[in-house]
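In this note's numbering, the protein residues as written are 813 to 1133.
All C-beta atoms, glycine included, are put in the ideal place defined by N, C-alpha and C.
Accompanying notes for the structure given below.
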């Protein structure tokens, strides 16, 4: 059986995007709701390019949850494993944009519906045709969803899927930064692919230089590292290959979801290139270069538009020369 489905577990939420940037949060006079959440964004990027993607999460039985379901489905993302609950509301995140397009977040999730998702709610059969399982750190706090991640990783590995982890650090959600660091480092061990940004590297590894950090990151199950540097481009590494892709110069409108778009499009390109859990360690430099170039170009289009999912180009709109 050919496996090409991306399965993601974690938060799906509403990002409230400000009506102006380059100002303090209190100066914003209006926000526009956009569907987001890193795992949901990754599914969307993978799906709009032509891949099969499904998200596992829990939403509040409320209008925000209904909006998320409707929008995910409009992008072709399978929502058959999304649970609804009356015990908590759908998560919200208010976003403030600086003059450089970078963001700060104010979250409303104390708790949110996704946090209450339990391991018992997982459907093991949903992983049977999974190509890759992807997750982030937002839902790895001390609540039931963290244990659901452990079980999902187990199911993914049993099915022969790759495991992809993007820490996607959100410091306001963690009162104990040491616990965040230890949790991220614990879950890195379970991943085949780790995607990390230049803003996260030192906190997670203790190193400022990615080349020095490789010895820290290549451990456990890790076979491939993707390192993104915003406007400076991106690197990818296996133990036998190292590549770099320079980012095209574009006018940045909004970086919301850019990192998610990168890893979503990267996983799609890996699938298209025939890279699997069995051969990922043997990925050659040429293939790795083409995957990073693809995602760097994909993100260059994305950041010129507002929002996350709504900024991702489809396969028809996005052609890599």
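- For residue 1048, the first and last residue of its enclosing beta strand (DSSP E): 1046-1049
>> Between 981, 992, 947, 957, which has its C-alpha nearest residue 968's C-alpha?
In response: 947
Original post:
Using the beta-carbon count (16 or more within 10 Å), is residue 870 buried or exposed?
Top reply: buried
**Report entry** Start-end ranges of the alpha helix (DSSP H) lying completely within the stretch 1002-1040, minimum 4 residues
**Finding:** 1013-1017, 1022-1029
How many Å lie between residue 855 and residue 1069 at the Cα?
12 Å
Considering Cα atoms alone, identify which of 1041, 935, 966 is closest to residue 1056.
1041
- Put residue 819 into one of helix, strand or coil per three-state DSSP. strand
message: Just to confirm the assignment, what range does the beta strand (DSSP E) spanning residue 975 have?
response: 974-978
Fill in: Selected residue, minimal CA-CA separation from residue 898, among 1086, 926, 931
926
Buried versus exposed call for residue 883 [16 or more other C-beta atoms within 10 Å across all chains shown]:
buried
Report task. Report the three-state DSSP secondary structure of residue 1043 (helix, strand or coil). Result -> helix
Fill in: Stretch-stretch touch, CB-based, cutoff 8 Å, three pairs: the stretch 816-826 with the stretch 1105-1113
no
| message | Comparing C-alpha positions only, which one of 943, 959, 954, 906 sits nearest to residue 930? | response | 959
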